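Top line first, the protein sequences correspond to chains Z and H. Sequential numbering from 102 applies to the first sequence in our numbering. Sequential numbering from 102 applies to the second sequence in our numbering. These notes concern the structure reproduced below.
There are 2 protein chains.
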Amino acid sequence: MNKIYNPTPETWSAILERPTKTVDDIELTVKEIFKEVQKNGDAAVAKYTSIFDGVVFENLEVSQQEIENALANVPTELKEAIQLAKSNIEKFHTAQKTAKVEVETVEGVQCWQEKRPIQKVGLYIPGGTAPLFSTVLMLAVPANIAGCKEIVLCSPPDKKGNINSAILYAANLCGVTKILKVGGIQAIAGLTFGTETIPKVYKIFGPGNQFVTVAKQLATQFGVAIDMPAGPSELLVVADDAAVPAFVASDLLSQAEHGVDSQVILVSTSKKLIDDVEEEIQLQLEQLPRKEIAEKAIANSKLIFVENDAIALDLINEYGPEHFIVCTAKDDFYINGIENAGSVFIGNYTPESAGDYASGTNHTLPTNGYAKNYSGVNLDSFTKSMTFQKISEKGIQNIGNAIEIMAEAEGLQAHKNAVTLRLKNLKIEN
Amino acid sequence: MNKIYNPTPETWSAILERPTKTVDDIELTVKEIFKEVQKNGDAAVAKYTSIFDGVVFENLEVSQQEIENALANVPTELKEAIQLAKSNIEKFHTAQKTAKVEVETVEGVQCWQEKRPIQKVGLYIPGGTAPLFSTVLMLAVPANIAGCKEIVLCSPPDKKGNINSAILYAANLCGVTKILKVGGIQAIAGLTFGTETIPKVYKIFGPGNQFVTVAKQLATQFGVAIDMPAGPSELLVVADDAAVPAFVASDLLSQAEHGVDSQVILVSTSKKLIDDVEEEIQLQLEQLPRKEIAEKAIANSKLIFVENDAIALDLINEYGPEHFIVCTAKDDFYINGIENAGSVFIGNYTPESAGDYASGTNHTLPTNGYAKNYSGVNLDSFTKSMTFQKISEKGIQNIGNAIEIMAEAEGLQAHKNAVTLRLKNLKIEN
Numbered sequence: 102m103n104k105i106y107n108p109t110p111e112t113w114s115a116i117l118e119r120p121t122k123t124v125d126d127i128e129l130t131v132k133e134i135f136k137e138v139q140k141n142g143d144a145a146v147a148k149y150t151s152i153f154d155g156v157v158f159e160n161l162e163v164s165q166q167e168i169e170n171a172l173a174n175v176p177t178e179l180k181e182a183i184q185l186a187k188s189n190i191e192k193f194h195t196a197q198k199t200a201k202v203e204v205e206t207v208e209g210v211q212c213w214q215e216k217r218p219i220q221k222v223g224l225y226i227p228g229g230t231a232p233l234f235s236t237v238l239m240l241a242v243p244a245n246i247a248g249c250k251e252i253v254l255c256s257p258p259d260k261k262g263n264i265n266s267a268i269l270y271a272a273n274l275c276g277v278t279k280i281l282k283v284g285g286i287q288a289i290a291g292l293t294f295g296t297e298t299i300p301k302v303y304k305i306f307g308p309g310n311q312f313v314t315v316a317k318q319l320a321t322q323f324g325v326a327i328d329m330p331a332g333p334s335e336l337l338v339v340a341d342d343a344a345v346p347a348f349v350a351s352d353l354l355s356q357a358e359h360g361v362d363s364q365v366i367l368v369s370t371s372k373k374l375i376d377d378v379e380e381e382i383q384l385q386l387e388q389l390p391r392k393e394i395a396e397k398a399i400a401n402s403k404l405i406f407v408e409n410d411a412i413a414l415d416l417i418n419e420y421g422p423e424h425f426i427v428c429t430a431k432d433d434f435y436i437n438g439i440e441n442a443g444s445v446f447i448g449n450y451t452p453e454s455a456g457d458y459a460s461g462t463n464h465t466l467p468t469n470g471y472a473k474n475y476s477g478v479n480l481d482s483f484t485k486s487m488t489f490q491k492i493s494e495k496g497i498q499n500i501g502n503a504i505e506i507m508a509e510a511e512g513l514q515a516h517k518n519a520v521t522l523r524l525k526n527l528k529i530e531n
Numbered sequence: 102m103n104k105i106y107n108p109t110p111e112t113w114s115a116i117l118e119r120p121t122k123t124v125d126d127i128e129l130t131v132k133e134i135f136k137e138v139q140k141n142g143d144a145a146v147a148k149y150t151s152i153f154d155g156v157v158f159e160n161l162e163v164s165q166q167e168i169e170n171a172l173a174n175v176p177t178e179l180k181e182a183i184q185l186a187k188s189n190i191e192k193f194h195t196a197q198k199t200a201k202v203e204v205e206t207v208e209g210v211q212c213w214q215e216k217r218p219i220q221k222v223g224l225y226i227p228g229g230t231a232p233l234f235s236t237v238l239m240l241a242v243p244a245n246i247a248g249c250k251e252i253v254l255c256s257p258p259d260k261k262g263n264i265n266s267a268i269l270y271a272a273n274l275c276g277v278t279k280i281l282k283v284g285g286i287q288a289i290a291g292l293t294f295g296t297e298t299i300p301k302v303y304k305i306f307g308p309g310n311q312f313v314t315v316a317k318q319l320a321t322q323f324g325v326a327i328d329m330p331a332g333p334s335e336l337l338v339v340a341d342d343a344a345v346p347a348f349v350a351s352d353l354l355s356q357a358e359h360g361v362d363s364q365v366i367l368v369s370t371s372k373k374l375i376d377d378v379e380e381e382i383q384l385q386l387e388q389l390p391r392k393e394i395a396e397k398a399i400a401n402s403k404l405i406f407v408e409n410d411a412i413a414l415d416l417i418n419e420y421g422p423e424h425f426i427v428c429t430a431k432d433d434f435y436i437n438g439i440e441n442a443g444s445v446f447i448g449n450y451t452p453e454s455a456g457d458y459a460s461g462t463n464h465t466l467p468t469n470g471y472a473k474n475y476s477g478v479n480l481d482s483f484t485k486s487m488t489f490q491k492i493s494e495k496g497i498q499n500i501g502n503a504i505e506i507m508a509e510a511e512g513l514q515a516h517k518n519a520v521t522l523r524l525k526n527l528k529i530e531n
């Protein structure tokens, strides 16, 4: 761990630097597979599924029988935990619905804004050792509340050609309309172009490895939207003597176990807390099954002492953490002052893992500093805002002349004419 | 004009195809200029301003004196028109403010969502023959309502080194914090990396030519967000015998004058209306100063007859128009059924130019079919949604076990441990 005392603002950006990866070398592979899937559809998808996942299928689509088997496989206590999490996520995201915004800007000029669902969405759920069924909840629940018509889930099959039962259980529970056993670049390419089996979608959500990340970026060049750019997960904790050091250590370690490139930062106005947390980390680290990963991430972590809360807040806003835990005597100062963060966790009894699973907030969040300009996934991520306007005869008389003058000044005579014709017509009628 | 009768759904995508441009050849130029601006800052910006705009400056920033001169130059009636437009845009976008969304998902688990402003935004306003001061209103007004701290406007200088007075007037009126005389690729590169004079921003808004469009795309690879992908402007009108043919023709022509690649489509269940509109277009076209441009766009336009409103609506949703005018006996059917459109204009007295200038809705809208997955610019475009959660001792007891079970099932032991520690602590305390 790197302990840093009173860094000057000029050094912040160097201290807070995130590990960057170059992706140039895999871009070619991604482009190649996209081209092939666009041209050969299912055949190309099958080819790459065989190469990367080592499985050959008759049918990519998960059958009703497979879903029923999965439902039987998932232990009751896990089902109940998933149901509780679903219920909380549902409550929080349902509350995010916005009413139609309607304004008569001047007499006779009625304007309104409505959110309408994105009709077809694709959810990507990584496979591998950690089956991320929690991400199914985080994406499928709001997609359903928003009213998306087609909710297509892609997840890579294991060596036996199966998707993890808990993923299938969650997908079935949350109203996914189609589940496909396909992962990696070929899944994203399939969702982008559509194949005989994979529907073309308008927006792709979900985490993934480097290949999936680059594939999602490439998808945007073909008219598909994505949830947000990706990067390694990160946590920043601000804590002082109001915090329990063992709790802080456990939160830092829960971030560290994600991967060796995870970012773990503690900012504090208390040197004592920093020392206590450091000690606790060593103790707890020994007990972790993913100790090797966590150890490497922790070795790169930063424990930063600053003189006061104002400096701490400035530094945190410059970083813009994905996850931000606040556990201090002045929590309100941080809550009111935080400008850039994905999700904020407040107090001794709010571990990051609560938001990862079951509190109700979404865990798909902007990382890599994107909290400065991107929202985490929320209900609006599955809708688009549309505006409407209806102008009466009185209304066009009220704003028509202003439009004529502005259109003329911009040199757009036909724009002006569309108003002039109508105003003339009203004069003749009256 | 191409009149098409009863096209079968299989032919829709070919009929509705948009003109596509390849941008590969200019990508290299854009990358080159980005690299140079990143490295040499203002010096590189000055170099390309001299090459592309033919001007050499001491200082890129518009001075207070220049702004005062501009204020004196703008005619009073244009000032008043701009003020009316600003007032309407302000009313409509202020109404889009959302309250904090707060939910106690289970007892002791408090979750809330808040929108906070993006701190630094860049607005790009093209120069050239048509000074788009209306776009200044559409971007600066919501940026201000959202509470963005830095609102930086870039616009290319004319040959004399000036920015159009109406643009300066609008920028000053709407609270732009810095105005810079820089355009094209070098402006977008400057906003992306920051230079001695141009501030680095978190999100870039605004229209532009092909070079600006590609530059904005490239900016996203350096962590900057953009408003939306760009494409040629487009209008689809659905009208029947309830519509005044001369009005419909004037709307189609106002779209056509934007550029030779503008998309102009009329869909109708009335053959008579189609013929009448065609005739009116010929009459009105003769009067237009931008006749040559409009004529070319109109030559590529489509007048499509369909048997009934249900087919019309399906076809329109497949197209997803940027601007959608509805003027029929069944307006409500279209208003309720439209799933993909940027902005909707309803009835005989609601020309598209009303929304372009003064009704209050935003004119920065998704084109090129992006209405299927992107919102037009609105208040939320200048904010990001953040979530917060605060869990009490009771709260973690309510959801802690579910988190432990889910974390364990995903193989994330440290995530589980962060909860287990806290639950144990509470048992000891009680």
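We put the CB at the ideal spot given by N, CA and C, even for glycine. Values in this document were obtained by computation on a predicted structure and should not be read as measured data.
Using a 10 angstroms sphere on the CB of residue 485 of chain H, the tally of other CB atoms reaches 16 or more, which defines it as buried. Per the Cβ contact rule, the segment 235-243 of chain Z is not in contact with the segment 211-218 of chain Z (fewer than 3 Cβ pairs under 8 angstroms). Residue 135 of chain H and residue 263 of chain H have their C-alpha atoms roughly 24 angstroms apart. Taking 8 angstroms as the upper bound for CB-CB distance, residue 185 of chain H and residue 224 of chain H are not in contact here, some 21 angstroms apart. DSSP places residue 177 of chain H within a helical segment (H, G or I) once states are collapsed to three. Proximity to residue 203 of chain H across H/212, H/151, H/130 and H/195 peaks at H/212, based on C-alpha coordinates. Contact residues of the segment 374-402 of chain H toward chain Z are 385, 388, 389, 390, 391 and 395 (C-beta to C-beta distance below 8 angstroms). With fewer than 16 other beta carbons inside 10 angstroms of its own, residue 114 of chain H counts as exposed. Residue 187 of chain Z counts as buried, since at least 16 other C-beta atoms from the protein chains shown sit within 10 angstroms of its C-beta. Among the residues of the segment 193-226 of chain Z, those with a Cβ less than 7 angstroms away from any Cβ of chain H are 193, 196, 197, 199, 202, 204, 206, 207, 210, 212, 214, 217, 219 and 220, in the order of the chain. The C-alpha of residue 331 of chain Z is placed about 20 angstroms away from the C-alpha of residue 302 of chain Z.
Residues of the segment 140-169 of chain Z with a C-beta atom less than 7 angstroms from some C-beta of chain H do not occur. Setting aside the 5 residues that flank it on each side, residue 205 of chain Z is surrounded in the same chain by 211 and 212, each with a C-beta closer than 8 angstroms to its C-beta; the list follows chain order. The Cβ of residue 315 of chain H sits no closer than 8 angstroms to any Cβ of chain Z. A direct Cα-Cα distance of roughly 7 angstroms separates residue 475 of chain Z from residue 329 of chain Z.
Only those residues of the segment 482-502 of chain H whose C-beta falls short of 7 angstroms from the nearest C-beta of chain Z are listed: 485, 486, 487, 488, 489, 490, 491, 492, 493, 494, 496, 497 and 500.
The Cβ-Cβ distance between residue 348 of chain Z and residue 436 of chain H does not fall below 8 angstroms.
With a beta-carbon spacing of about 5 angstroms, residue 350 of chain H and residue 378 of chain H fall inside the 8 angstroms limit used to define contacts. With respect to the 8 angstroms criterion, residue 146 of chain H and residue 161 of chain H are classified as neighbours on the basis of their beta carbons.
Fully contained in the segment 132-159 of chain Z are the following alpha helix (DSSP H) runs of length 4 or more, in chain order: 143-154. For residue 309 of chain H, the CB contacts under 6 angstroms within the same chain, skipping 5 residues up- and downstream, are 225 and 227 in chain order. Of the candidates H/251, H/250 and H/229, the residue whose Cα lies closest to the Cα of residue 257 of chain H is H/229. In the same chain as residue 168 of chain H, and ignoring 5 residues on each side of it, the C-beta atoms closer than 6 angstroms to its own belong to 269 and 273, in chain order. Identification of residues in the segment 442-458 of chain H having a C-beta nearer than 9 angstroms to some C-beta of chain Z yields 442, 443, 444, 445, 446, 447, 448, 449, 450, 451, 452, 453, 454, 455, 456, 457 and 458, given in sequence order. As summarised for the segment 414-497 of chain H, the continuous beta strand (DSSP E) elements at least 3 residues long and confined to that stretch are 424-428, 444-447 and 484-492, given in chain order.
DSSP, read as helix, strand or coil, puts residue 217 of chain Z in strand. Residue 516 of chain H sits close to residue 508 of chain H, with the two beta carbons spaced by under 8 angstroms. Judged by beta-carbon spacing, residue 396 of chain H lies within the 8 angstroms limit of residue 386 of chain H, meaning their Cβ atoms are closer than that value. Leaving aside the five residues that flank residue 438 of chain H on each side, the residues in its chain whose CB is nearer than 8 angstroms to its CB run, in chain order, 414 and 418. In terms of Cβ geometry, residue 278 of chain H and residue 251 of chain H form a close pair [threshold 8 angstroms]. Ranked by how close their Cα comes to the Cα of residue 154 of chain H, the residues H/282, H/276, H/126 and H/181 have H/282 in first place. Between the C-alpha atoms of residue 318 of chain H and residue 327 of chain H there is a straight-line separation of about 8 angstroms. Here DSSP, grouped into helix, strand and coil, assigns residue 501 of chain Z to helix. A residue is called buried once 16 or more other Cβ atoms fall within 10 Å of its Cβ, and residue 478 of chain Z is buried on that count. Here the alpha carbon of residue 346 of chain H sits roughly 12 angstroms from the alpha carbon of residue 369 of chain H.
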